[in-house]
Amino acid sequence: MPRRTPAPATPEPTTVPTEPPSASAPGAGSTNDHSHLLESPFDIRLQLRPSSVNRIPEDVQRLLKLQEGDDDTLEVASDEIRLSYFDLNTQEVIDLINLPETSGLTSLPAWSQDGSRLAITRLTFDGITEIFRGNTGLANTLVRDTLGQLPPAENPLLQGNVVDVFDLSDRSNVRVSQLRAGEGNGDTFGSVSWSTDNQLLMTKMQRPARLQGRTYPIYAYPESSYVRFYNNALQPVGEFVAPEIAAPNFMNSQFVSPGEVIFDGISGLSGRIFYYNVGTGEFREISNRSGYYTQVFASRLSRQLVFLYTSFQNPPELYRDSWEGGALTALTYNNVELQQMSQTQVNEVAFTLQDGAVRRGYLVQPAGAPFPPQNAPMVIWQEGGPGLFMTSTWATNVESPYVLLPNFGISVLVVPLPGREGWGPEFYNGLAQPGAFGSIDIDEMAQIVRQMHALGWTSPDRTGVTGCSYGGYFTSQSIVRHPDLYAAANTQCSLLDTLVEWQTGFTWFMSYLIGTSPPLSVDTFLGNSPLYGAENVRTPTLIFHGDFDFLPVSIAETFHERIAATGTTVRMLKFQGEGHGLGLPENQITAAQEQITWFRRYLATG
1 MPRRTPAPAT PEPTTVPTEP PSASAPGAGS TNDHSHLLES PFDIRLQLRP
51 SSVNRIPEDV QRLLKLQEGD DDTLEVASDE IRLSYFDLNT QEVIDLINLP
101 ETSGLTSLPA WSQDGSRLAI TRLTFDGITE IFRGNTGLAN TLVRDTLGQL
151 PPAENPLLQG NVVDVFDLSD RSNVRVSQLR AGEGNGDTFG SVSWSTDNQL
201 LMTKMQRPAR LQGRTYPIYA YPESSYVRFY NNALQPVGEF VAPEIAAPNF
251 MNSQFVSPGE VIFDGISGLS GRIFYYNVGT GEFREISNRS GYYTQVFASR
301 LSRQLVFLYT SFQNPPELYR DSWEGGALTA LTYNNVELQQ MSQTQVNEVA
351 FTLQDGAVRR GYLVQPAGAP FPPQNAPMVI WQEGGPGLFM TSTWATNVES
401 PYVLLPNFGI SVLVVPLPGR EGWGPEFYNG LAQPGAFGSI DIDEMAQIVR
451 QMHALGWTSP DRTGVTGCSY GGYFTSQSIV RHPDLYAAAN TQCSLLDTLV
501 EWQTGFTWFM SYLIGTSPPL SVDTFLGNSP LYGAENVRTP TLIFHGDFDF
551 LPVSIAETFH ERIAATGTTV RMLKFQGEGH GLGLPENQIT AAQEQITWFR
601 RYLATG
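Below, the structure written as structure tokens:
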């Protein structure tokens with residue numbers, strides 16, 4: 001076990017009283033009855049909402065009370081899980097199947113158009129009884145899977161993946177047929193959909209990740225997807241594979257006629273909608289603008305689609321369009337005033353790296369700013385995850401400030417880097433390849449930033465970086481690896497210690513990303529942890545963290561102290577009662593004001 005560098009001795013944060021301090025009290029913030037700010041002796045500000053100290057939802061609290069007893073056990077299912085059919089008209093209940101304990105549905109149930117068939121996808125977690133934070137054993141099934149140590153024949157993520165198809169044409173004698181992933185080509189089943197003539201069953205298929213240096217495929221984090229078609233006898237009759245629909249997680253498909261399919265999901269810089277004809281093979285995009293299309297519903301009779309659309313410049317609204325595209329019509333106007341208030345412009349950008357790879361993204365600027373930009377104050381932003389997509393979509397939270405900051409004179413660069421969905425399996429797997437985590441995306445962005453400096457788009461004293469969760473990790477590791485590159489940083493709800501996370505947190509996720517374990521390579525974990533490189537930080541750093549975050553706030557406090565020990569300017573806001581990110585509106589407002597002020601101060605915006 002590595003020895004941690006002790007943090008410098010500092011006073012403990014001042015306890016925030018339950019009653020608001022008077023306006024004249026030292027360090028007092030707002031005197032609002034519901035929340036106030038108090039600045040601690042070592043510059044950690046604590047935001048308190050007394051009525052919201054317990055952030056566990058009430059329904060979860062009730063479930064926990066039912067579980068009271070032995071603290072070391074959690075009963076997932078007492079014996080079996082029974083799946084039943086309930087007829088709303090006749091009140092008839094038909095038991096369909098008893099599922100083994102630790103089973104779960106992995107897709108929404110799919111009914112055939114005539115109601116005679118029902119298909120579900122499920123997963124039986126045989127051997128996986130604990131899938132919560134803190135399960136640290138190397139023998140844990142998920143850890144073995146993510147390290148590539150589990151043969152497919154022994155992997156419950158493959159062998160326990162089943163599609164159950166119920167024939168309800170004779171309700172007195174319900175018949176069950178099954179498709180088992182373990183009997184196929186090694187890919188697993190996802191969502192299911194019936195054709196409108198009840199003749200074809202479409203299943204989403206997910207390919208497991210195959211990473212360098214790992215013996216067996218990894219099923220916990222699939223690398224791509226496609227669809228497969230089955231006839232009424234559940235015999236495979238075809239597949240459709242295309243790079244545009246290959247996103248492993250954020251890609252949906254639905255039959256809209258006997259032979260036509262609509263796809264919606266992440267492809268490149270946008271969430272898109274596609275049309276596919278099973279009979280003719282015709283495949284084309286319906287969506288015709290950059291942005292994010294989701295919650296897509298289809299009308300077969302009118303050949304119309306209804307969906308939610310949003311972008312950097314468009315708050316969410318409902319729209320409709322024809323299956324042929326080109327007839328986009330707004331259905332709601334709930335956010336017109338908000339759209340008019342936001343004054344931004346968006347340009348697509350591309351950068352060529354030293355190895356010839358091209359990285360594409362968006363630059364969001366204040367409206368009317370020149371493009372290419374001319375020595376603009378600019379903040380680099382990365383999404384959480386990793387693995388989550390980065391597209392043009394509206395956001396009003398401080399964790400995703402690409403609309404917020406440009407409205408206050410600061411441009412934001414949004415460029416997906418290795419580990420993001422929507423760019424193919426090689427790109428998606430890129431962050432988990434040997435030696436990549438903690439460096440590949442951070443160093444690629446460093447190349448991009450230096451290119452922008454050379455082009456005069458911005459300059460070293462006008463470039464900042466921010467993000468939350470994995471974006472916070474990206475921010476923190478960036479200012480450790482490249483201490484002279486950024487003029488200001490705002491790290492939020494950040495992963496800071498991969499060693500602690502492997503030991504007490506999402507062990508299997510760390511195993512997937514890093515590809516090893518601390519007993520075998522402790523130096524790798526230390527090198528991937530911003531906490532242990534904090535002495536390198538020279539960038540003025542603003543830290544946001546909730547004291548209810550599953551990433552321990554004590555680690556963020558230690559990060560703050562270690563940066564402060566170098567003499568580098570650092571400030572931390574500790575939000576009491578908040579979890580992973582800020583959920584309370586008043587805390588969002590406070591954090592936004594702090595973020596804007598920080599970047600204005602250190603990016604030479606005046």
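The sequence shown lines up with residues 1 to 606 when you count with the working numbering.
For every residue, glycine included, the Cβ atom is placed at its ideal position computed from N, Cα and C.
All figures in this text were calculated on a predicted structure; none of them were measured in a lab.
Could you please give the first and the last residue of the uninterrupted alpha helix (DSSP H) stretch that includes residue i?
i: N429; result: P425 to N429
i: E501; result: T498 to T504
i: W598; result: P585 to Y602
i: I563; result: V553 to A565
i: V480; result: Y470 to R481
Apply the 10 Å Cβ neighbour rule to residue i and answer buried if 16 or more other Cβ atoms are within range, or exposed otherwise.
i: D33; result: Confidence at D33 is low in this model, with a pLDDT of 35, below 50, so the placement of that residue is unreliable and no value is reported for it.
i: M341; result: exposed
i: S529; result: buried
i: A591; result: buried
i: Q206; result: buried
i: I44; result: Bear in mind that a pLDDT of 48 at I44, under 50, signals an unreliable position, so the number given afterwards is only what the model happens to contain. Buried, since its Cβ has 16 or more Cβ neighbours within 10 Å.
i: Y402; result: buried
i: Y333; result: exposed
i: S270; result: buried
i: L123; result: buried
i: S469; result: buried
i: F263; result: buried
i: G387; result: buried
i: P460; result: exposed
i: R462; result: buried
Taking a contact to mean a Cβ-Cβ separation below 8 Å, would you say residue i touches residue j in this structure?
i: V241; j: Y221; result: no
i: F283; j: I266; result: no
i: I380; j: L603; result: no
i: L200; j: A119; result: no
i: L83; j: I97; result: yes
i: S191; j: N252; result: yes
i: G424; j: A246; result: yes
i: Y216; j: L157; result: no
i: V414; j: V364; result: yes
i: F474; j: T498; result: no
i: S478; j: I442; result: yes
i: G422; j: L431; result: no
i: F351; j: I440; result: no
For residue i, which three-state DSSP category applies?
i: S400; result: coil
i: T141; result: helix
i: M341; result: helix
i: M452; result: helix
i: P518; result: coil
i: N300; result: The sequence given here places Arg at residue 300; Asn does not occur at that position. Coil, per DSSP.
i: A153; result: helix
i: N314; result: strand
i: N32; result: No answer about N32 holds up, because its pLDDT of 36 lies below 50 and its placement is not dependable.
i: P236; result: strand
i: R462; result: helix
i: F525; result: helix
i: A446; result: helix
i: Y532; result: helix
i: T605; result: coil
What residues in its chain sit with their C-beta under 6 Å from that of residue i, if we drop five residues either side in the sequence?
i: E383; result: M390 and G471
i: A534; result: F559, R562 and I563
i: M452; result: T458
i: I81; result: L99 and S103
i: F670; result: A query on residue 670 cannot be resolved here, the shown segment of the chain reaching from 1 to 606 and no further.
i: S511; result: V143, T146 and L147
i: V162; result: R122, Q178 and R180
i: W111; result: L118
Below 8 Å CB to CB, which residues in the same chain sit around residue i once its five sequence neighbours on both sides are set aside?
i: T614; result: Given a span of 1 to 606 for the chain in the structure shown, any question on residue 614 remains unanswerable.
i: E223; result: R207, P208, A209, R210, P248, P425, Y428 and N429
i: L150; result: T141, R144 and Y216
Residues in the same chain with beta-carbon distance under 7 Å from residue i, minus the five sequence neighbours each way, listed in chain order, please.
i: H482; result: A446
i: I94; result: S84, Y85, R171 and V174
What span of residues does the beta strand (DSSP E) with residue i cover, start to end?
i: F166; result: N161 to D167
i: S177; result: R175 to R180
i: I81; result: E80 to F86
i: R272; result: S270 to N277
i: T568; result: Taken as a continuous stretch (DSSP letters only), T568 belongs to no beta strand (DSSP E), as it is neither H nor E.
i: Q254; result: M251 to F255
i: D647; result: Because the chain in this structure spans residues 1 to 606, residue 647 falls outside the shown range and cannot be described.
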